[in-house]
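Take 15 as the starting number for the sequence shown in this note's numbering and just add one per residue.
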Amino acid sequence: MRRILLLTAAALIGMATIPAPQARADVTLNNMFGDHMVLQQGIRNRVWGKADPGEAVTVTLGGQTHNATAAADGAWQVFLEPIKEYGGPHTLSVKGKNTVTYSDVLIGEVWVCAGQSNMQWSVNASTDADLERATAKFPQIRLISVPQVGTQEPQSNFNGSWQTCTPDTVGNFSAVGYFFGRQLHQTLGVPVGLINNAWGGSAAEAWVKRSALAANPRFKPLVDRWVQIESEYPAQKAAFDKAMVEWKTAAEKAKAEGKQPPQQPGNPDGNMFGNHRPGNIHSGVLTPSIGYGIKGAIWYQGESNAGRAYQYRELFPFMIKSWREEWGVGDFPFYWVQLADFNAEQTQPGESAWAELREAQTMTMKALPNTGEAVIIDIGEGKDIHPKNKVDVGKRLARWALAETYHVAGIPFHSPLYKGMEKQGNKIVLAFDHVDGGWRPFDVNEPVGFTIASADHTFVPGKATLLPDGRIEVSAEGVTDPVSVRYAWADNPKCNMYSGAGLPLTPFRTDDFKGVTADAN
15 MRRILLLTAA ALIGMATIPA PQARADVTLN NMFGDHMVLQ QGIRNRVWGK ADPGEAVTVT
75 LGGQTHNATA AADGAWQVFL EPIKEYGGPH TLSVKGKNTV TYSDVLIGEV WVCAGQSNMQ
135 WSVNASTDAD LERATAKFPQ IRLISVPQVG TQEPQSNFNG SWQTCTPDTV GNFSAVGYFF
195 GRQLHQTLGV PVGLINNAWG GSAAEAWVKR SALAANPRFK PLVDRWVQIE SEYPAQKAAF
255 DKAMVEWKTA AEKAKAEGKQ PPQQPGNPDG NMFGNHRPGN IHSGVLTPSI GYGIKGAIWY
315 QGESNAGRAY QYRELFPFMI KSWREEWGVG DFPFYWVQLA DFNAEQTQPG ESAWAELREA
375 QTMTMKALPN TGEAVIIDIG EGKDIHPKNK VDVGKRLARW ALAETYHVAG IPFHSPLYKG
435 MEKQGNKIVL AFDHVDGGWR PFDVNEPVGF TIASADHTFV PGKATLLPDG RIEVSAEGVT
495 DPVSVRYAWA DNPKCNMYSG AGLPLTPFRT DDFKGVTADA N
């Protein structure tokens, strides 16, 4: 027995001198790559992932092959040569010490679908959901969703995979995104890939890289406010943990006595890991997918920033520019939805943060090229911030893409837009662009939704008259020296102006009087 023990000890000592085998890491790819994916047609598509440091990686698609060597941190990437032909299916193969193969890869048009709850709003929750699901048999439309992760730490990957659009897969996908993509697919006859990364309730600043915000003096008040919130978090968290212990005891006691339990304490984690903290969505949701080949982006957001609409004038275009710089595919098309009408319908003139946010959105079209706005002032529901009619929203976005991005002839896309005014005595005459097919007031023949003010800035309902040349004349009894006209200037205005093409007049004002959100940061 002693001899056996000695031999065993010697064997163990000998084993200790043998170097442990190195752990081998398989070649992996970001989850933007997978079976059923769509690669963007006509661009150099970036393919990237991880491997052992120094490992040789070979990527093959069709007749092209590209080689890379993993860096010290294991990261590698290649760029595929542009593919001009739509369709497939193709196979993407990545070989290192192991081989990863993805099948049913299509070449098509890829769009990001981002924003807050009205973009996140699913097909299941939209109008005629049962019919929409039943007809969602589009094998060349592919869907992928990026989970909601709020963090300041940039994420390298996410949990998600591409799915073929079927009645079983479409229900939980973004309704606006799906209806937009479906229209593109049906009109162009090409594969379409849709990336849904929307997060309900999110603020625009959460979608921007934190360091970029901090480097811009205009956003210093915003960043400073969050620095203060962050400094208070440790104490708030400690107080919350203590309060939770006390609450659980009180709740159990109330339950035993058949009484209503006390209200649960608020958890400060929501600030740190939620969808308002600057940079949180950028790091947790955008970063894992930035760099994947896309054609453009559609966006439906603004409700959470309405109280800071003047700030949004700069924040929104800043966000778009930042995305374009980071994605590295040029000034890609960026189309958004203007806020819908919401809350009780208003017939009397007044100030409105939502109107100011809509104005900020419209201003972005002048601030940046290759952008466009789908006006839906007629599609909202006063009682519900989430109007269920998402089909028309998706179609109005698709009009922009079809006309401006894909150059399909004969498709009206731009809502009528205020151009300028001329004062004529006690009247103001307004001129407009993009009045395709002339004017078509809805429901009644007279234009509805115009207000007019004199130098005291007091607005009153105006009488609007259509002129033969397409201009609109506005006046009001008692207003002898008018200085400004507004249209649809309310959270939920009563208005009725459309172009002959069926697109609603963009809400506007001719003045630059200080708004209710001018000082909010």
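Backbone N, C-alpha and C define an ideal beta-carbon position, used for all residues, glycine too.
Model, not experiment: these values are computed from the prediction.
- DSSP places L236 inside the alpha helix (DSSP H), whose first and last residues are K234 to A270.
- With the rule of 3 Cβ pairs closer than 8 Å, the stretch 201-214 counts as touching the stretch 150-165.
- Around the CB of F187, 16 or more other CB atoms lie within 10 Å, so the residue is classed as buried.
- Between G424 and G514, the CB-CB gap reaches or exceeds 8 Å.
- In the three-state reduction of the DSSP assignment, L157 falls in the strand class, which pools E and B.
- Judged by beta-carbon spacing, V184 lies beyond the 8 Å limit of V237, meaning their Cβ atoms are not closer than that value.
- Rounded to whole angstroms, S131 and H400 show a C-alpha spacing of 8 Å.
- 8 Å or more divides the Cβ of G305 from the Cβ of W337.
- In this model, Q325 and T83 are separated by some 45 Å (Cα to Cα).
- Boundaries of the beta strand (DSSP E) harbouring W313: G310 to Y314, taken from the DSSP string.
- DSSP places N81 inside the beta strand (DSSP E), whose first and last residues are Q78 to T83.
- According to the DSSP assignment, F287 belongs to the alpha helix (DSSP H) that extends over D283 to F287.
- Here DSSP, grouped into helix, strand and coil, assigns G321 to helix.
- A straight-line Cα-Cα distance of about 47 Å links F194 and A253.
- Looking from the CA of G310, the closest CA among V343, F332 and A323 belongs to V343.
- P496 counts as buried, since at least 16 other C-beta atoms from the protein chains shown sit within 10 angstroms of its C-beta.
- By the C-beta criterion, the stretch 472-486 is judged not to be in contact with the stretch 291-305, since fewer than 3 inter-stretch pairs fall below 8 Å.
- A89 places its beta carbon less than 8 Å from that of K64.
- D118 carries a strand assignment under DSSP once its states are collapsed to helix, strand and coil.
- As a beta-bridge residue in DSSP terms, E487 pairs with V443 and T479.
- Annotation for G514: no beta strand (DSSP E) segment contains it, and DSSP assigns it neither H nor E.
- Counting of Cβ neighbours within 10 angstroms places V259 among the exposed residues, the total staying below 16.
- Here the alpha carbons of P103 and V124 stand approximately 16 Å from one another.
- The count of Cβ pairs closer than 8 Å, one atom from the stretch 363-374 and one from the stretch 411-426, stays below three, leaving the stretches out of contact.
- Contact between the stretch 40-51 and the stretch 103-122 is present: 3 or more CB-CB pairs across the two stretches fall below 8 Å.
- With at least 16 other beta carbons inside 10 angstroms of its own, E69 counts as buried.
- For A381, the enclosing alpha helix (DSSP H) starts and ends at A367 to A381.
- Looking at the DSSP output, S498 sits in a beta bridge with A467.
- Spatial neighbours of K409 in its own chain (CB-CB distance under 7 Å, excluding positions within 5 residues in sequence) are listed in chain order as F193 and Q197.
- Excluding sequence positions up to five before and after W261, its CB lies within less than 7 Å of the CB of P276, Q278 and P279, all in the same chain and listed in chain order.
- L75: member of the beta strand (DSSP E) spanning A70 to L75, first to last residue.
- The beta-bridge partner set that DSSP reports for V52 consists of L120.
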